[in-house]
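Reviewing the structure listed below.
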Amino acid sequence: MVHLTIDGQPVEVEEGTTILQAAKKACIHIPTLCYHEDLSIKAVCRICVVEVEGQRLLPTACSTPVSEGMVVQTASPKVLKARRNILELIFARHPQECLVCPKDGKCDLQKVAQDVGMHLDIRYDKQLRHQKEDWSSPAIMRNPQKCILCGRCMEVCNEIQGINVLSKENRGFHTLIAPAYGEKLADTNCINCGQCVQVCPTGALTVHYHTYGLYRQKELGKKLIIQVAPSVRITLAEALGEQPGVVSTGRLVSALKRLGFYKVFDSDFSADLTILEEGTELLNRLQNGGTLPMITSCCPAWVKYCETYAPEYTKHLSTAKSPQQMFGALIKTWFAKREGIDPGEICSVSVMPCTAKKFECTRPEMRDSGYQDVDISITVQELAALIRAGGIDFSELPDTPFDDPFGEGSGAGLIFGATGGVMEAALRTVYAVVTGKEMEHLDYTPVRGFEGIKESQVDLNGRVIKVAVAHGIKNAKILLEKVKNGTADYQFIEIMACPGGCIGGGGNPPKTWSIMEKRKKAIYEAEAELPVRQSHKNPAIQKIYETYLGEPCGELSHKLLHTEYCNRQDLLQ
C-alpha cells in the first residue's frame, strides 16, 4: 500500500493508483474534462492539475500515479489560477450558447466552470472557429464550434467500436475532430450508434432532436400513437435526475398521456412478436438447410454495419424487422382498421434508447403497409426534455397502465434491453416449441452479463445448437471472423452494436459500466416479477395471430413483419 497526504488528509491506496483515484477515495473532488473512467487516460485538457510538494510543474491528477509520502494540494492558489487560465482559453474559442444548447444543465464544461468559479470576465479575446453545424445525419448532430478536442469521441468510435469515422485534422487553433475530407456525417460509414454522443462532454455531439416534428404533427391534428422500448422504463427516471436503475413504467405512461399521446403502447409486445417470427425463422433454417448461422436483426446500427462492412453476411441476418418496425406496421394496418382511422392520419412514434432507430425508420424498405412504419423516433433524452418542457413533475406522477390492445408484454420482451436478452428470449420459446417442455431454468445465465462475447449450447431434442452473443461492434468483428475462418460452428448469433446492449444505447443518459450494472440489475429484477415470461405465452400475441396475422412467418406476417437488406460498401470508398 502507498501512503500519501491530499489536502492535509492522510490517504492509503494501492500501488499504481492515480492521484485522481486516490482523491476520489478520500471524497475530494478534482474537476476533469477529458477524463472518463471507462476510457484510456489522455491528460489533454489539464483541468485536473494539482500541486505536488517538491515538483515545480503542476502534474495532471488523472495520469500521475501516487508515490510513498507524496503531499498533494488540489486547490492551492497556484492550482486554482492554472485551472481558471485553462478554462478562460477554452471559453475564448467556445460559443457561449448555453441557454439554447441541448446539453444545458448536462454539460461537463458547464459543470467544471461552476466548480472552478468562472464568475469574472474572460481576459482573452474571443476567437471562434466558425465551423458549420452538420445536421445531415438523422441520428446525430455535430457542432464543431463546441468541440474542446478531448478525444473521447475518437476513442469510442475508433478503438471501442472500430468504425473510424472521426479523426483530428489541421493544427493549432484550426485543429478539429471531424469525418475525413470534410464529409458530412450522413455521407460517411457512421452506423448511427451514438456512442460518441454518450461520451461527448459538451454540445459538440448531440442527439438529432425530432421533438419539433412531434409538435408539428400535433398541430396538424394527427393522432400521435407512441410505443415505448423495454429499456426506456429503466433509464427515463435517471434522465430526469433520479438514481440509475429506477423502474418507472407507470409514471412513464402517465407522462406520455399528459403530453397528449392518443395511445401509449408497450414495445415489449412487439419484442414478443419478434421472438415468434425470428424463432420460427430459425427453426425453418435448421430444418430446411437454410443459411446458418442466423444473426439477429433487432439492432439497426449492427444491421447498417453489416451492410457496409460485411455485406456477404446480410444473407445470415434474420429477415424479421426490429420490434420498432413491426409495431409500426401493425399500427398502420390492423390497429388503424380496428379503430376506423385513416392510416395517413396517424403519426406513429417510438421512444427508444437508440439513436440508430432514427435512421431505421427512414429506410425505404420499411413501408410494406403502403405507409412509413414509424414516422418519428425520439430518444430517452428527448422524452426527458419534453417532460420538462411540459411542466410535468415526473416524481409525483401516478402509475398508469399501457393501453390495449398492445399494452401487454412478457418478461422475455423486457430483457431485450440488455445484451443477451434477445438470445435468452428466443431460446425460451424455441426450446418449448421443439421439445414440448419448458427450459429447466428460464433464467438462462450463460448469455447474460457484460463479457464481450458469450457462448453456449442448447440441446433441442437431440440436436445441439451452438449460440453466441456479442455486444459492441469490435466484439462483433471478432465473432464474424471466427465464423469466416471456420473456428466456430454457431447456428444462432445475437449482436448488439452498443456496449451493454440497449441499456447502453446512444439515446440514454451518459453512462459508465458501473451505471449499466445498475440498469441491468433493474431489468432482470423487474422481469422476474412478471406473470408471463415467455413470448409465446403472451395472450396479446396469441390473439394477434388468431385474429389477423395467421401464423409466424406466414404470408401476411412475412409481408408486414419481415424485410430485406442492401449493400452499402460504397460508403467506404
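Residues 1 to 573 (full-length UniProt numbering) make up the sequence shown, in order.
Cβ atoms here follow ideal geometry from the backbone N, Cα and C, with glycine treated the same way.
None of the values given here were measured: they were computed from a predicted structure.
- [ ] Might you give, ordered along the chain, the residues of its own chain that have their beta carbon closer than 6 Å to the beta carbon of K332, omitting 5 neighbours on each side?
- [x] Result list for K332: P343, S369, Y371, in chain order.
Open item on the list: Please report the straight-line C-alpha distance between I122 and V156, rounded to a whole angstrom.
Closed with: Straight-line measurement puts the Cα of V156 at about 32 Å from the Cα of I122.
- [ ] Could you tell me if V351 is buried or exposed, where buried requires 16 or more neighbouring beta carbons within 10 angstroms of its beta carbon?
- [x] With 16 or more other Cβ atoms within 10 Å, it is buried.
- [ ] Sort L386, V199, M423, K482 by Cα distance to G501 and report the nearest one.
- [x] Cα-wise, what sits closest to G501 is M423.
Task: Length of the line joining the Cα atoms of T506 and R56 - done: Reading off the sequence shown, one finds Gly at residue 506, where the question assumed Thr. If you take the alpha carbons of G506 and R56, they lie about 42 Å apart.
Open item on the list: Quick check on DSSP: helix, strand or coil for L343?
Closed with: The identity of residue 343 in the sequence shown is Pro, whereas the question assumes Leu. Helix.
Task: Runs of alpha helix (DSSP H) wholly within the region 301 to 385 (minimum 4 residues, chain order) - done: Segments of the alpha helix (DSSP H) lying fully in the region 301 to 385: 323 to 330, 336 to 339, 356 to 360.
TODO: Would you tell me roughly how many angstroms separate the C-alpha atoms of V2 and Q127, rounded to the nearest one?
DONE: Their Cα atoms are separated by approximately 45 Å.
Open item on the list: For a minimum of 3 consecutive residues, which ranges assigned as the beta strand (DSSP E) are wholly contained in the region 178 to 256?
Closed with: List check, beta strand (DSSP E) in window: 205 to 207, 223 to 228.
Task: Rounded straight-line distance, which links the Cα of D125 to that of V49 - done: Cα-Cα distance, rounded: 24 Å.
TODO: Would you kindly check if the distance between the Cβ of T355 and the Cβ of N567 is under 8 Å?
DONE: No. Outside cutoff.
Task: Given T235 as reference, the closest of E37, A522, D570, C553 once Cα atoms are compared - done: That would be A522, whose Cα lies nearest to the Cα of T235.
TODO: Tell me whether V464 is buried or exposed, calling it buried when 16 or more other Cβ atoms sit within 10 Å of its Cβ.
DONE: V464 comes out exposed.
Task: CA nearest to the CA of K559, picked from I473, V349, R367, A310 - done: Nearest option by C-alpha distance: R367.
- [ ] For L4, name the three-state secondary structure that DSSP assigns.
- [x] When secondary structure is reduced to three states using DSSP, L4 falls in the strand class.
TODO: Take Q217 as the anchor and find which of S348, I6, A75 has the nearest alpha-carbon.
DONE: Looking at S348, I6, A75, the one whose alpha-carbon comes closest to that of Q217 is S348.
TODO: Taking 8 Å as the cut-off, decide whether the C-beta atoms of F269 and G413 are in contact.
DONE: Yes. Within cutoff.
Open item on the list: Taking the beta strand (DSSP E) that S167 belongs to, which residues open and close that run?
Closed with: Counting along the chain, the beta strand (DSSP E) containing S167 begins and ends at 166 to 169.
TODO: Take the Cβ of K484 as the centre, count every other Cβ of all protein chains shown within 10 Å, and call the residue buried at 16 or more, exposed below.
DONE: Exposed.
- [ ] Tell whether a beta-carbon distance below 8 Å holds between I148 and L20.
- [x] Not a contact, by the Cβ cut-off of 8 Å.
TODO: Compare the beta carbon distance of M141 and H208 with 8 Å and say whether it is the shorter of the two.
DONE: Taking 8 Å as the Cβ cut-off, M141 and H208 qualify as a contacting pair.
Task: Delimiting residues of the beta strand (DSSP E) encompassing F406 - done: Unbroken run through F406: none, as it is neither H nor E.
Open item on the list: Buried or exposed for D108, going by 16 or more other Cβ atoms inside 10 Å?
Closed with: Under this definition D108 is a buried residue.
TODO: Leaving out five residues on either side along the sequence, give the residues of the same chain with a beta carbon under 7 Å from the beta carbon of G162.
DONE: Leaving aside the five residues that flank G162 on each side, the residues in its chain whose CB is nearer than 7 Å to its CB run, in chain order, I473, K474, K477.
Task: Chain-order list of residues whose beta-carbon lies under 6 Å from that of K482 (same chain, five-residue window excluded) - done: Within the same chain, and ignoring the five residues on either side of K482 in sequence, the residues whose Cβ sits closer than 6 Å to its Cβ are A488.
- [ ] To the nearest angstrom, report how far apart I41 and S63 are at their CA atoms.
- [x] The straight-line gap from Cα to Cα measures roughly 6 Å.
Open item on the list: Checking 8 Å against the spacing of the C-beta atoms, do S76 and E51 come in under that value?
Closed with: Cβ atoms of S76 and E51: closer than 8 Å.
Open item on the list: Tell me which residues share the same chain as P401 and place their Cβ nearer than 8 Å to its Cβ, disregarding the 5 neighbours each side in the sequence.
Closed with: G250, V253, G407, listed in sequence order.
- [ ] Closer than 6 Å by C-beta to A497: which residues in its own chain qualify, once you throw out the five before and the five after it? Chain order, please.
- [x] These residues qualify, in order along the chain: C193, C299, A301, W302, I473.
Open item on the list: Please give the ranges of any beta strand (DSSP E) in the region 425 to 465, keeping only runs that are unbroken, at least 3 residues long and fully inside the region.
Closed with: You should have 453 to 460.
Open item on the list: Quick check: the Cα distance between R306 and A23, rounded to an integer number of angstroms?
Closed with: What sits at residue 306 in the sequence shown is Cys, not Arg. Looking at the backbone, the Cα of C306 and that of A23 are separated by about 44 Å.
Open item on the list: Taking its Cβ as the centre, do 16 or more other Cβ atoms sit within 10 Å of E360, making it buried, or is it exposed?
Closed with: Buried: at least 16 other Cβ atoms inside 10 Å.
TODO: May I have the straight-line CA-CA distance separating L397 from G409, to the nearest angstrom?
DONE: Computed Cα separation, rounded: 22 Å.
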